[in-house]
Amino acid sequence: MIETLISSKMRIKLLLKFFLNSQSRSYLRGLETEFGDSTNAIRQELNRFEKAGMLKAYTEGNKKYFQANTDHPLYKEVHNILIKYIGFDTIIDTVIERLGEIKEVYIIGQFSNGLDSPVIDLMFTGDIDENYLINLIHKAETLVKRKIRYIIYRLDELPTIDWKQFDPQPLLLWSKDSE
709 MIETLISSKM RIKLLLKFFL NSQSRSYLRG LETEFGDSTN AIRQELNRFE KAGMLKAYTE
769 GNKKYFQANT DHPLYKEVHN ILIKYIGFDT IIDTVIERLG EIKEVYIIGQ FSNGLDSPVI
829 DLMFTGDIDE NYLINLIHKA ETLVKRKIRY IIYRLDELPT IDWKQFDPQP LLLWSKDSE
């Protein structure tokens, strides 16, 4: 769907990279390696986003880093469009809101790094009926047309989670506290 609105595949990749996870930052050569595209195509789009004020740029050493400008008036709207494009809104409605005793749900894997993927990796924390979760996941997979993998941490396991094992860091998708 988003491909009909935004014809540039590079632009979509950059939107996902920077606007899905506002903490995501990168430099030109890093994006070249990550995306497997030419630096010229990437540079053109980065310059457009920077000129529009949607990306902030800063220098560390000899590298120019880019990061989403969360103060831009369209940041939240672009972020929400990407959430819907990937299907996270459907997952929240179909799975999370119906599950009950969930504390938090995190995005892990490729999407937490801002990369598109046919697989959505999620981490659930709480006291969860796994059989019911499996049924809800199957329904959500049909709706979002992506495979969904998950791990569950019970509430008593939360203090023992080694957050360093996740690379990149998990991205909070939903929290009971922010309902």
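When we follow the working numbering, the leftmost residue of the sequence shown carries the number 709, and every step to the right adds one.
We put the beta carbon where it would ideally sit given N, CA and C, even for glycine.
As the structure is a prediction and not an experimental result, all values here were calculated from the model.
A distance below 6 Å between beta-carbons, with the five flanking residues on each side excluded, links Lys721 to the following residues of its chain, in chain order: Phe743. By a beta-carbon distance limit of 8 Å, Leu736 contacts Leu754. Their separation comes to about 7 Å. Ser734 counts as buried, since at least 16 other C-beta atoms from the protein chains shown sit within 10 angstroms of its C-beta. Annotation for Glu753: the continuous alpha helix (DSSP H) segment containing it runs Thr747 to Lys759. Here the alpha carbons of Arg862 and Thr868 stand approximately 10 Å from one another. Counted as a single uninterrupted DSSP element, the alpha helix (DSSP H) harbouring Met718 occupies residues Lys717 to Phe727.
Per the coordinates, the alpha-carbon of Ser716 lies some 43 Å from the alpha-carbon of Glu865.
Nearest C-alpha to Gln731 among Ile714, Phe774, Thr747 and Arg751: Phe774. Take Ser746, set aside five residues on each side of it, and the residues of its chain with a beta-carbon closer than 8 Å to its own are Glu740, in chain order.
Selection Thr798, Leu851, Ile842 and Ser825 evaluated against Lys725 yields Ser825 as nearest (Cα-Cα).
In the structure shown, Phe819 adopts helical secondary structure according to DSSP, grouped into three states. If you draw a straight line from the Cα of Val803 to the Cα of Ile845, it is about 6 Å long. Between the alpha carbons of Arg854 and Glu809 lies a gap of roughly 25 Å. In the DSSP assignment, Phe796 falls within the unbroken alpha helix (DSSP H) covering Phe796 to Ile799. Only residues of its own chain outside the window of five on either side were considered, and among them Tyr814, Ile815, Ile816, Ser820, Met831 and Trp871 have a CB closer than 8 Å to the CB of Pro878, listed in chain order. About 6 Å separates the beta carbon of Phe796 from that of Leu881, a gap short enough to meet the 8 Å contact definition. If you check the CB distance, Asn777 and Met762 come in under 8 Å. Closest in alpha carbon position to Asn729, among Lys884, Arg806 and Lys784, is Lys784.
With a threshold of 16 other beta carbon atoms within 10 Å, Gly822 meets it and is buried.
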